[in-house]
Structures are given as C-alpha cells and as structure tokens.
Amino acid sequence: MNQIEWSDFTKVELRVGRVLSAEIFPEARKPAYKLQIDFGDEIGIRKSSAQITAHYTPEVLVGKLVVAVVNFPTKQIGPFMSECLVTGFHDAEGNVTLCMPEHEVPLGSKLL
7 MNQIEWSDFT
17 KVELRVGRVL
27 SAEIFPEARK
37 PAYKLQIDFG
47 DEIGIRKSSA
57 QITAHYTPEV
67 LVGKLVVAVV
77 NFPTKQIGPF
87 MSECLVTGFH
97 DAEGNVTLCM
107 PEHEVPLGSK
117 LL
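The sequence shown maps to residues 7 to 118 in this note's numbering.
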C-alpha cells in the first residue's frame, strides 16, 4: 500500500449529497445509473454515472445520502458528462455498495 501525506488527503473533497434522481443509463457499457445529486448551496447539483445496479433500484436511490468526490474534473462517459464520483466498496461478488452516512447530515458536509 502506498502511503500519502496528510496534505494529499486534504486535497480530496469528499462531500455528502442527496440523490435527487436516478435513471437507467442505457448507453453505458456496463449496467449503470445516471444520478443527479444535490450537494447543497455551496456546490449545487452534480451529475454522476454509477455502476450500482446490483444492489439498488432507481426508486430506492432517490432521497438517499451518498458520499462523492466533487473536485475531480468532469469525465465524458459515452453521451453523459459525469461531474462527481460516487464512492462505494466492492462486495464479495464485485458489486458496489455505496458509502452512505448512517444519520442525516447537512448537504455538502465534508468527510473529516
């Protein structure tokens, strides 16, 4: 495992947002959803593509709090422009389980 300096970690903006909408991303190479996530007044609403279809349906995702990196450059994914990276962990089968706060926290809160 590579070690990093504290200053490296502080550059990553991991913020909490609420999923406003989730829809199937039919053009994606692997099954994915297109998400709109509200990070509060400071950051606003960002779009993301997420390969999380194994454990989540669009209906279940709406209203959930998620943790995402908001200071990556935008990334073109097929016809979709992703503006943040939603975080998660692979389970034993390789499917992604999202990082989600256990309790309500203000939108835009930074991971400490």
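The C-beta atom is built at its ideal place from N, Cα and C for all residues, glycine as well.
Of the listed residues the options, nearest to residue i (C-alpha basis)
i      : options                         : result
Gln42  : Lys36, Glu29 and Glu48          : Glu29
Asp47  : Pro32, Thr63 and Val22          : Val22
Lys116 : Ser88, Pro85, Leu67 and Val72   : Val72
Gly69  : Thr16, Trp12, Leu113 and Thr80  : Leu113
Cys90  : Arg35, Phe45 and Met7           : Phe45
Lys40  : Gly100, Glu65, Thr16 and Asn101 : Glu65
Same chain only: Cβ atoms within 8 Å of residue i, ignoring 5 sequence neighbours per side
i     : result
Glu33 : Gly84, Pro85 and Phe86
Contacts around residue i, its chain only, beta-carbon distance under 6 Å, and the 5 residues preceding and following it disregarded
i     : result
Glu19 : Val76 and Asn77
Ser27 : Gln42
Residues near residue i by beta carbon distance below 7 Å, same chain, minus five either side
i      : result
Thr103 : His61, Gly94, Phe95 and Asp97
Lys81  : Ser88
Discussion item. With a threshold of 8 Å, are at least 3 pairs of Cβ atoms found where one atom belongs to the stretch 35-55 and the other to the stretch 101-108?
Written reply: no
Worksheet entry | Runs of alpha helix (DSSP H) wholly within the stretch 37-102 (minimum 4 residues, chain order) | 64-67
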